[in-house]
DNA sequence: TAGCTACTTCGATGAACCTCTAAGCAGTGG
DNA sequence: CCACTGCTTAGAGGTTCATCGAAGTAGCTA
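Residue numbers (the working numbering), protein chains in the order written: chain X, 14 to 132; chain C, 14 to 132.
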């Protein structure tokens with residue numbers, strides 16, 4: 014899937030393979046814990062956060078957090094790097110932008126396209 | 014959740030309740046079949062499509078398509094209306110736009126915010 | 001009324017998923 | 001070398017989910 018994968022969702026029918034790839038990406042963010050992980054990492058000072066900054070925000074065990082981070086990393090949404098004792102995660106903006114492009118703002122009525130009503 | 018629910022994902026940490034609501038919305042689109050259903054409905058002439066226009070595009074039974082349409086409708090992504098024999102579905106743009114706002118384009122480096130280093 | 005088509009609801013099955021505990025790996029420091 | 005902390009991997013248990021066949025509802029037509 015290229016960086017600029019697909020037209021906005023309502024522009025033209027998605028191919029089966031594009032839909033599969035986008036669905037996999039969306040499944041990675043379709044979880045409240047992972048959504049909050051992303052937002053915490055992305056808004057953290059320096060653009061990155063170590064796992065120790067994350068576990069405190071959840072009533073979950075460390076292995077569970079690690080599991081969610083792995084899913085985000087596998088999906089290409091974040092990248093992790095070990096520096097000494099700690100592992101730091103950072104958002105990969107290109108992947109997030111792909112989702113933004115998919116749901117790019119629609120015109121509200123979406124009916125002008127048809128020549129139905131000039132008014 | 015208001016129309017303009019949340020700041021972009023990487024701007025500030027999501028609240029637990031916002032994350033839960035957004036995750037529910039994302040789970041509705043995190044499926045290749047539903048993604049294609051949305052794109053077919055949205056790009057169909059007239060901005061709407063009847064179920065009979067949809068089933069032909071999938072190797073799935075009618076109950077399964079109906080199941081996916083119900084999930085999209087429950088999530089507020091589409092709206093259905095019966096006219097005579099057929100049922101027509103239409104995208105609700107406001108809900109789609111909510112997702113677009115969540116993944117609004119990020120600046121690529123995202124490090125200028127810190128005053129860490131101009132160079 | 002009866003019959004036909006379009007679509008939805010119901011109930012069941014098998015796969016995928018979130019969470020945990022236990023155990024393993026990496027790095028630091030006595 | 002041993003102990004300790006930070007994080008990940010492995011395996012298990014309970015829940016959710018996609019899909020199907022069968023049955024139900026809604027509308028048209030004769």
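All residues carry an ideal CB built from backbone N, CA and C; glycine is no exception.
Separation of residue j from residue i, as counted between CA atoms
| i | j | result |
| --- | --- | --- |
| residue 116 of chain X | residue 21 of chain X | 6 Å |
| residue 42 of chain X | residue 69 of chain C | 30 Å |
| residue 72 of chain X | residue 56 of chain X | 20 Å |
| residue 78 of chain X | residue 66 of chain C | 43 Å |
| residue 44 of chain C | residue 40 of chain X | 7 Å |
| residue 92 of chain C | residue 54 of chain C | 11 Å |
| residue 107 of chain X | residue 96 of chain C | 43 Å |
| residue 124 of chain X | residue 33 of chain X | Since pLDDT at residue 124 of chain X reaches only 43, below the 50 mark, its modelled position is unreliable, and the value read off the structure follows with that caveat. Residue 124 of chain X and residue 33 of chain X: Cα-Cα distance of roughly 28 Å. |
| residue 126 of chain C | residue 60 of chain X | Since pLDDT at residue 126 of chain C reaches only 42, below the 50 mark, its modelled position is unreliable, and the value read off the structure follows with that caveat. Roughly 9 Å between the two C-alpha positions. |
| residue 102 of chain X | residue 19 of chain X | 27 Å |
| residue 86 of chain C | residue 30 of chain C | 21 Å |
| residue 37 of chain X | residue 88 of chain X | 8 Å |
| residue 35 of chain X | residue 98 of chain X | 35 Å |
| residue 75 of chain X | residue 64 of chain X | 9 Å |
| residue 141 of chain X | residue 28 of chain C | The requested residue 141 of chain X does not occur in the structure, where chain X is confined to residues 14 to 132. |
| residue 23 of chain C | residue 80 of chain X | 20 Å |
| residue 51 of chain C | residue 114 of chain C | 18 Å |
| residue 112 of chain X | residue 112 of chain C | 8 Å |
| residue 47 of chain X | residue 84 of chain X | 9 Å |
| residue 62 of chain X | residue 100 of chain X | 8 Å |
| residue 120 of chain C | residue 49 of chain X | 19 Å |
| residue 58 of chain C | residue 58 of chain X | 47 Å |
Delimiting residues of the alpha helix (DSSP H) encompassing residue i
| i | result |
| --- | --- |
| residue 62 of chain C | From DSSP, residue 62 of chain C is part of no alpha helix (DSSP H) but of the beta strand (DSSP E) over 61 to 63. |
| residue 48 of chain C | 45 to 56 |
| residue 41 of chain X | 29 to 42 |
Cβ distance (whole Å) where residue i is taken to contact residue j below 8 Å
| i | j | result |
| --- | --- | --- |
| residue 105 of chain X | residue 90 of chain X | 6 Å |
| residue 26 of chain X | residue 110 of chain C | That pair is no contact at about 20 Å. |
Partners in chain X for residue i, counting only beta-carbon separations shorter than 7 Å
| i | result |
| --- | --- |
| residue 27 of chain C | 48, 49 and 52 |
| residue 64 of chain C | Chain X residues near residue 64 of chain C: none, gap ~16 Å exceeds 7 Å. |
| residue 8 of chain C | What is shown of chain C runs 14 to 132, which leaves residue 8 of chain C out entirely. |
| residue 32 of chain C | 45, 48 and 49 |
Interface residues of chain C facing residue i [CB-CB closer than 9 Å]
| i | result |
| --- | --- |
| residue 40 of chain X | 39, 40, 43 and 44 |
Partners in chain X for residue i, counting only beta-carbon separations shorter than 9 Å
| i | result |
| --- | --- |
| residue 104 of chain C | 22, 23, 119 and 123 |
Neighbouring residues, chain C, relative to residue i (Cβ below 8 Å)
| i | result |
| --- | --- |
| residue 88 of chain X | Neighbours of residue 88 of chain X on chain C: none; closest Cβ ~11 Å, over 8 Å. |
| residue 109 of chain X | 22, 23, 116 and 119 |
Neighbouring residues, chain X, relative to residue i (Cβ below 8 Å)
| i | result |
| --- | --- |
| residue 69 of chain C | Here the premise fails: no neighbours, minimum Cβ distance about 12 Å. |
| residue 55 of chain C | 22, 23, 24, 119 and 123 |
Chain C residues whose Cβ lies nearer than 7 Å to that of residue i
| i | result |
| --- | --- |
| residue 112 of chain X | 116 |
* **alpha helix (DSSP H) runs contained entirely in the segment 74 to 121 of chain X, provided each spans 4 or more residues** => 75 to 87 and 106 to 115
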